[in-house]
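Take the sequence shown: its letters are residues 0 to 132, numbered as in numbering that gives the first Met the number 0.
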Amino acid sequence: MHSNGVNWDEPTRVERSGHDECPILLHMENTVNTSTLRRPLKQLAVSALLSLGLSFAAHAQAVDGEVRKVDVDAGKITLKHGEIRNLDMPAMQMAFRVADPAFLKKVNVGDKVSFTADKVNGQFTVTSIDVKK
Ligand SMILES: [Cu+2]
Numbered sequence: 000m001h002s003n004g005v006n007w008d009e010p011t012r013v014e015r016s017g018h019d020e021c022p023i024l025l026h027m028e029n030t031v032n033t034s035t036l037r038r039p040l041k042q043l044a045v046s047a048l049l050s051l052g053l054s055f056a057a058h059a060q061a062v063d064g065e066v067r068k069v070d071v072d073a074g075k076i077t078l079k080h081g082e083i084r085n086l087d088m089p090a091m092q093m094a095f096r097v098a099d100p101a102f103l104k105k106v107n108v109g110d111k112v113s114f115t116a117d118k119v120n121g122q123f124t125v126t127s128i129d130v131k132k
């Protein structure tokens, strides 16, 4: 299941062998288990939102985080983050892809950030990020 179900590519493995192994595996399991249970609910929620004329993107909630690593070559950022409710993810440290490579230019290791994340093509992806003053 780990090799087929979820697309963790090679750069991620380097991270996992370091310090992130348990948390990432933990929330991979969570994601697999809850996605089948929650699908009907999500579809209901989507139709409800659409019928109200609200944007579907509005469900991604801003999350506090701290930048731990920026990997421009791999297009990844490692964040220590708080709970991400829209991904059913507890607080942890992990690597994300980024929706826009420009995100990696505007943050530095140690920055406190506010970001949104979603699952894009099966991969946890930062969809917006801002450094907190
Ligand atoms: Cu996480």
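Ideal Cβ placement from N, Cα and C applies to all residues, glycine included.
Query raised in the report: Looking only at its own chain, which residues have a Cβ that is under 8 Å from the Cβ of E82, when we skip the five neighbours before and after it?
Result: V62, M88, P89, A90
Query raised in the report: Can you find a heavy atom of ligand 1 that lies under 8 Å from the Cβ of I83?
Result: yes
Query raised in the report: How long is the line joining the alpha carbons of C21 and N120, rounded to whole angstroms?
Result: For C21, the predicted structure reports a pLDDT of 47, less than 50, and the residue's modelled location is therefore unreliable. A value from the coordinates is still provided. Those two C-alpha atoms are separated by around 22 Å.
Query raised in the report: Comparing alpha-carbon positions, which option in E65, D110, I128, K132 lies nearest D99?
Result: I128
Query raised in the report: Start and end of the beta strand (DSSP E) containing R96?
Result: 91-97
Query raised in the report: First and last residue of the beta strand (DSSP E) that includes R84?
Result: Element bounds for R84: n/a, residue is neither H nor E.
Query - Closest by C-alpha distance to Q92, when choosing among F114, N85, K79 - result: K79
Query raised in the report: Leaving out the 5 sequence neighbours to the left and right, which residues in its chain are closer than 7 Å to V71 when beta-carbon positions are compared?
Result: L103
Requested in this report: Tell me, please, which residues DSSP counts as bridged to T126.
Outcome: According to DSSP, which records beta bridges pairwise, T126 is partnered with nothing at all.
Query raised in the report: Can you name, in chain order, every residue of its own chain whose Cβ lies under 7 Å from the Cβ of V66, other than the five neighbours on each side?
Result: I76, L78, V106, N107, V108, G109, D110, V112
Query raised in the report: Does any heavy atom of ligand 1 sit closer than 8 Å to the C-beta of F114?
Result: no
Query raised in the report: Do you know how far the Cα of K132 is from the Cα of V125?
Result: 19 Å
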